[in-house]
Amino acid sequence: MQATARRLSVVSATSTPRRRLIRGVRLTSTPTLMADFAWPTDDTEAAVLARELFIAEHVAGYRYWLQHGSDLLTQPQPETPYVRKWSDVAKKDRAYREVFQTLTPEQREAVVRLLDDCVRGAVFGALCTLDQFPRGDAEVSISDGVCGAGTRRFRIAPTRVELHDDFISALSGPPASADSQAKT
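Just so you know, we're using our numbering here: the sequence shown kicks off at 108 and counts up by one.
Here it is as structure tokens:
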């Protein structure tokens, strides 16, 4: 199956000391596509790949914000110093880090767990809204081009497995819907 060969990995290949505080959560950067990427010619395979990419982007977003918040909580200085230390962003960063350094290691770990629950819950909730829209059926589709340039559309939801279930599965292993098919 062509889509299987192109499946993205959303687990981290690196583990830095900064990231070890978060137990059971592997952090990663946003998956990127190769320049030679091409959608499968088969529409079913393309829809499976589109859904996997959609879920991978949500997992990457969750991991980015969790890592960003964890870094603010656990590190006294940013990894890369701000060029403009007087900017509002740098001032905000410094204020957060100063306050969080007053916490004990146990308190910081508890706040990281809370942050994990909140960020995971926000993404999970948004996907649940797409899966179970209260006033009708929400259909999610991906186009094979950007900015309206696509010629094909692939429906990725609804399917037998809901988006929020695939999101949770992607955090801990392979997607739950390796062959997501539209509901009949």
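All C-beta atoms in this analysis are idealised placements derived from N, C-alpha and C, irrespective of residue type, glycine included. For clarity, every value in this text was computed on a predicted model and none was experimentally measured.
Is residue j closer than 8 Å to residue i when the C-beta atoms are compared?
{"i": "Arg-267", "j": "Ser-248", "result": "no"}
{"i": "His-175", "j": "Val-230", "result": "no"}
{"i": "Val-219", "j": "Ser-279", "result": "no"}
{"i": "Pro-49", "j": "Asp-200", "result": "Past the boundaries of the shown model lies residue 49; the chain is included only from 108 to 291, so the question cannot be answered."}
{"i": "Thr-181", "j": "Arg-227", "result": "no"}
{"i": "Leu-221", "j": "Tyr-203", "result": "no"}
{"i": "Asp-251", "j": "Gly-257", "result": "yes"}
Can you tell me which of the three DSSP states residue i falls into?
{"i": "Ala-229", "result": "helix"}
{"i": "Val-218", "result": "helix"}
{"i": "Thr-266", "result": "strand"}
{"i": "Phe-240", "result": "coil"}
{"i": "Val-253", "result": "coil"}
{"i": "Val-166", "result": "helix"}
{"i": "Arg-260", "result": "strand"}
{"i": "Val-247", "result": "strand"}
{"i": "Glu-186", "result": "coil"}
{"i": "Leu-210", "result": "coil"}
Over the uninterrupted alpha helix (DSSP H) stretch that includes residue i, give me the two end residues.
{"i": "Phe-207", "result": "195-207"}
Who are the Cβ neighbours of residue i in its own chain at under 8 Å, not counting the five residues just before and after it?
{"i": "Cys-225", "result": "none"}
{"i": "Ala-245", "result": "Thr-236, Leu-237, Asp-238, Ala-264 and Pro-265"}
{"i": "Gln-208", "result": "Pro-183"}
Given a threshold of 16 other Cβ atoms within 10 Å of its Cβ, counted over all protein chains shown, does residue i qualify as buried or as exposed?
{"i": "Ser-136", "result": "Residue placement at Ser-136 cannot be trusted, given a pLDDT of 38 that sits under 50; the coordinates are not used to answer."}
{"i": "Pro-147", "result": "buried"}
{"i": "Ala-217", "result": "exposed"}
{"i": "Ala-153", "result": "buried"}
{"i": "Glu-205", "result": "exposed"}
{"i": "Glu-159", "result": "buried"}
In the DSSP assignment, find the beta strand (DSSP E) that holds residue i and state where it starts and stops.
{"i": "Gly-145", "result": "Per the sequence shown, residue 145 should be read as Ala rather than Gly. No beta strand (DSSP E) contains Ala-145, which DSSP labels as neither H nor E."}
With a CB to CB cut of under 6 Å and the five nearest residues on each side skipped, what residues in its chain are close to residue i?
{"i": "Val-253", "result": "none"}
{"i": "Leu-234", "result": "Leu-270, His-271 and Phe-274"}
{"i": "Ala-157", "result": "Ile-249, Phe-261 and Ile-263"}
Starting from the C-beta of residue i, find all residues in its chain whose C-beta is less than 7 Å away, skip the five residues before and the five after it, and write them out in chain order.
{"i": "Glu-269", "result": "Asp-238"}
{"i": "Ala-145", "result": "none"}
{"i": "Arg-191", "result": "Ala-197"}
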